[in-house]
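A quick write-up on the structure given underneath.
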Amino acid sequence: MLDIQFIRQNADAVKAAIRNKRLDLDLGELLAADKQRRETTTLLEQKRARKNELAALIPKAIKDDRPKLVDEAKQIRTDIEQLEPQLAEVQRRFQDLMLRVPSVPRPEVPIGAGEGDNVEVKRVGEPRKFDFAPKDHVELMTKLGMVEWEAPRKFAGGRSYALVGDGALLEMAVLRLAVDTLIERGMKLVTPPVMVRERAMMGTGYFPIGKDEAYAITADDLFLIGTSEVSLVSMHCDETLEADRLPIKYAGSSLCFRREAGAAGKDTRGLYRVHQFNKIEQVILCVPDEAVAEKLHYELLGNAEAILAELEVPYRVAIACTGEMGLGQTRKHEVESWMPGRNAYSETHSCSSFGEFQARRSNIRVRLSDGALVYPFTLNNTAIASPRILIPLLENHQQSDGSITLPRALVPYMNGRTRLA
RNA sequence: GGAGAGAUGACCGAGUGGUCGAAGGUGCAUGAUUGGAAAUCAUGUGUACCGGCAACGGUACCGAGGGUUCGAAUCCCUCUCUCUCCGCCA
Numbered sequence: 017m018l019d020i021q022f023i024r025q026n027a028d029a030v031k032a033a034i035r036n037k038r039l040d041l042d043l044g045e046l047l048a049a050d051k052q053r054r055e056t057t058t059l060l061e062q063k064r065a066r067k068n069e070l071a072a073l074i075p076k077a078i079k080d081d082r083p084k085l086v087d088e089a090k091q092i093r094t095d096i097e098q099l100e101p102q103l104a105e106v107q108r109r110f111q112d113l114m115l116r117v118p119s120v121p122r123p124e125v126p127i128g129a130g131e132g133d134n135v136e137v138k139r140v141g142e143p144r145k146f147d148f149a150p151k152d153h154v155e156l157m158t159k160l161g162m163v164e165w166e167a168p169r170k171f172a173g174g175r176s177y178a179l180v181g182d183g184a185l186l187e188m189a190v191l192r193l194a195v196d197t198l199i200e201r202g203m204k205l206v207t208p209p210v211m212v213r214e215r216a217m218m219g220t221g222y223f224p225i226g227k228d229e230a231y232a233i234t235a236d237d238l239f240l241i242g243t244s245e246v247s248l249v250s251m252h253c254d255e256t257l258e259a260d261r262l263p264i265k266y267a268g269s270s271l272c273f274r275r276e277a278g279a280a281g282k283d284t285r286g287l288y289r290v291h292q293f294n295k296i297e298q299v300i301l302c303v304p305d306e307a308v309a310e311k312l313h314y315e316l317l318g319n320a321e322a323i324l325a326e327l328e329v330p331y332r333v334a335i336a337c338t339g340e341m342g343l344g345q346t347r348k349h350e351v352e353s354w355m356p357g358r359n360a361y362s363e364t365h366s367c368s369s370f371g372e373f374q375a376r377r378s379n380i381r382v383r384l385s386d387g388a389l390v391y392p393f394t395l396n397n398t399a400i401a402s403p404r405i406l407i408p409l410l411e412n413h414q415q416s417d418g419s420i421t422l423p424r425a426l427v428p429y430m431n432g433r434t435r436l437a
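Numbering (the numbering used here), first residue to last: 17 to 437.
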């Protein structure tokens with residue numbers, strides 16, 4: 017959420033953000049609602065002021081004057097009772113629109129519609145040249161007995177899978193490697209709730225737009241998170257943090273759930289796009305200082321890159337264009353790992369800055385040392401998302417016989433084994 | 001799932017219809033005192049929104065939402081959360 021004052025004063029920039037992020041929102045409607053909201057508020061508050069005045073007068077008034085005053089107070093109350101629903105209605109409309117206003121992308125973000133308009137900023141490692149026909153992860157894993165497809169799809173539906181044997185072990189190893197890397201880099205490990213209230217989804221910007229992307233537990237009005245960022249940011253909702261506590265750096269470990277509502281029929285083969293996955297997520301809350309946030313953004317990116325380096329996976333980093341950004345993001349870098357089976361770099365990490373967007377929505381504030389009360393900035397980045405990460409891991413390290421050579425960093429986590437066969 | 005207790009400002013805690021945005025204490029800030037500190041004394045110390053260049057003014061907020069009343073922290077209803085006990089359970 018943005019500051020309404022900022023929106024009023026920078027309407028053109030916000031309109032551009034709406035257009036560039038390819039959102040459907042009429043800012044004029046919001047500004048009109050804002051105007052109406054303020055006018056009604058002023059009117060209502062004048063009535064209330066008179067009401068309070070009368071309420072103070074009545075007990076002091078002499079008997080003869082009372083009926084007159086009480087009559088006026090009754091009339092005022094009728095007026096108030098008429099205005100209140102009006103205000104509530106315009107307030108609701110205003111709030112609903114406010115929740116749909118995107119944050120403004122930073123100047124360096126390229127304007128564009130889709131993936132093709134993302135701009136590569138760096139490339140690390142060389143895609144391996146195979147002297148045999150490389151297999152994709154589906155073939156490799158199936159052959160090595162690392163995954164079950166059929167039974168899960170029978171009893172759990174499309175996009176279901178079960179990692180088994182070395183597949184499951186490898187997932188745990190990779191997750192644990194990521195966790196240890198982040199702990200070493202000063203982040204606090206958290207395993208947060210995966211079922212959350214609507215307010216957490218609203219607070220982090222995943223609702224109301226995107227509500228159809230989340231699984232709902234209707235009996236208890238809860239939702240399954242699509243990323244632990246939702247829980248980790250919400251961990252501080254309604255809090256006022258002391259500035260010296262910042263930055264807060266979390267490594268969240270959780271299952272994540274996504275309906276993939278808009279992606280029906282897309283990437284149905286294999287483990288690329290699934291409804292349920294494990295993710296180690298990095299989240300930072302910091303003081304609202306662009307320079308500080310800038311540094312932390314690249315720190316998060318660096319952490320992800322360090323993990324990919326340990327996994328010995330070639331990757332590239334691209335800055336996402338406006339059309340690929342989420343509602344609240346002010347900047348997003350995508351890390352794309354080389355996947356021989358797709359013969360392409362594909363997204364495995366997403367590093368985002370939000371400015372105060374999430375903090376405002378989640379009602380998280382910071383008390384600065386000079387006493388000022390402000391909204392902190394939030395940032396996040398994937399550390400590892402599995403099973404997706406298994407795709408480049410297995411495909412890049414495969415041998416001609418279909419076995420897998422494990423990167424060194426993974427060996428201790430795999431009980432000393434150096435290859436899967 | 002059953003039974004009970006509770007939710008007040010940074011914290012503790014008083015307050016059962018008007019003088020309560022809220023006693024008192026603690027904390028914190030500033031000043032006085034002091035060689036300096038402690039102690040003491042004095043003053044101040046919530047947030048949001050609306051209006052205003054500002055000073056300032058107004059409104060709302062005592063878990064949340066609704067109701068009664070000229071007037072609600074206080075009375076009524078609903079909900080949420082926390083704690084205790086019982087049951088069930090990884």
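Don't be surprised by glycine CBs; every beta carbon is placed ideally from N, CA and C.
inquiry  = To test your reading of the DSSP string, which unbroken beta strand (DSSP E) runs of 3 or more residues are found completely within the segment 223-292?
reply    = 238-240, 256-258, 264-273
ask   = Can you give the Cα-Cα distance for Ala-307 and Tyr-314, rounded to whole angstroms?
value = Residue 307 sits at position 291 when you count from the first residue of the first sequence. Residue 314 sits at position 298 when you count from the first residue of the first sequence. Whole-angstrom Cα-Cα distance: 11 Å.
query = Where do the N-terminal and C-terminal ends of the alpha helix (DSSP H) with Phe-370 fall, by residue?
reply = In the first sequence, counting from the first residue as 1, residue 370 sits at position 354. Taken as a continuous stretch (DSSP letters only), Phe-370 belongs to no alpha helix (DSSP H), as it is neither H nor E.
query = Would DSSP call Val-106 helix, strand or coil?
reply = For this step, residue 106 is matched to residue 90 along the first sequence. Three-state result, Val-106: helix.
inquiry  = Please list the terminal residues of the continuous beta strand (DSSP E) segment that includes Asn-431.
reply    = To locate residue 431, count along the first sequence from 1; it is residue 415. Note, Asn-431: premise wrong, no beta strand (DSSP E); not H, not E.
key: Supposed contact pair Ile-92 and Leu-60 - C-beta distance, whole angstroms, cut 8 Å   = Here the question's residue 60 lines up with position 44 in the first sequence. Here the question's residue 92 lines up with position 76 in the first sequence. Not quite, the Cβ-Cβ distance comes to about 11 Å (not below 8 Å), so this is no contact.
ask   = Using 8 Å as the threshold, is the segment 381-389 in touch with the segment 334-349, meaning 3 or more CB pairs across them?
value = no
key: Ala-322 versus Thr-197, Met-251, Ala-33, Ala-71, residue with shortest Cα-Cα distance   = On the first sequence, position 306 is the one that residue 322 refers to. The shortest C-alpha separation from Ala-322 is found at Thr-197.
ask   = Per DSSP, Phe-146 is paired with what?
value = The residue you call residue 146 lines up with position 130 of the first sequence. None; Phe-146 has no bridge partner.
task = Along the alpha helix (DSSP H) that carries His-413, what are the first and last residues, could you check?
result = Counted from its first residue, the first sequence places residue 413 at position 397. Element bounds for His-413: n/a, residue is neither H nor E.
message = What would DSSP say about Arg-215, mapped onto helix, strand or coil?
response = For the purposes of this step, residue 215 is taken as residue 199 along the first sequence, with counting starting at 1. Looking at Arg-215 - three-state DSSP - the assignment turns out to be helix.
inquiry  = Check this for me: beta carbons of Gly-286 and Val-190, under 7 Å apart or not?
reply    = For the purposes of this step, residue 286 is taken as the residue at position 270 of the first sequence. For the purposes of this step, residue 190 is taken as the residue at position 174 of the first sequence. Against a cut-off of 7 Å, the Cβ pair of Val-190 and Gly-286 comes out as no contact.
inquiry  = Following a CB-centred definition, is Ala-232 positioned closer than 6 Å to any heavy atom of the ligand ZN?
reply    = As for the ligand ZN, it is missing from this structure, which has no ligand bound.
inquiry  = Assuming contact is defined by CB atoms lying nearer than 7 Å, are Thr-220 and Val-246 in contact in what I supplied?
reply    = Position 204 of the first sequence, counted from the start, is the residue given in the question as residue 220. Position 230 of the first sequence, counted from the start, is the residue given in the question as residue 246. A contact, by the Cβ cut-off of 7 Å.
query = Would a C-beta distance cut-off of 7 Å place Leu-2 and Thr-58 closer than the cut-off?
reply = Outside the displayed span of the chain (17 to 437) sits residue 2, for which this structure offers no information.
task = Return the CA-CA distance between Thr-243 and Leu-193, expressed in angstroms with no decimal places.
result = Within the first sequence, numbered from 1, the residue matching residue 243 stands at position 227. Within the first sequence, numbered from 1, the residue matching residue 193 stands at position 177. Taking the straight line joining both Cα atoms gives about 19 Å.
ask   = Which residue from Thr-338, Ser-378, Ala-401 puts its Cα closest to that of Gln-292?
value = Here residue 292 refers to the residue found at position 276 when the first sequence is read from its first residue. Ranking the options by Cα distance to Gln-292, first place goes to Ala-401.
query = Is Arg-93 helix, strand or coil by DSSP?
reply = Working through the first sequence from its first residue, we reach residue 93 at position 77. In the structure shown, Arg-93 sits in a helix (DSSP, three-state: H, G or I).
inquiry  = Could you compute how far the alpha carbon of Phe-146 sits from the alpha carbon of Glu-255?
reply    = Here the question's residue 146 lines up with position 130 in the first sequence. Here the question's residue 255 lines up with position 239 in the first sequence. Between Phe-146 and Glu-255, the C-alpha separation is close to 54 Å.
key: Cβ-Cβ distance between Gly-130 and Gly-339 below 7 Å   = For the purposes of this step, residue 130 is taken as residue 114 along the first sequence, with counting starting at 1. For the purposes of this step, residue 339 is taken as residue 323 along the first sequence, with counting starting at 1. Yes. Within cutoff.
query = Does DSSP put Leu-389 in a helix, a strand or coil?
reply = Taking the first sequence and counting its residues from 1, the one referred to as residue 389 is at position 373. Correct three-state label for Leu-389: strand.
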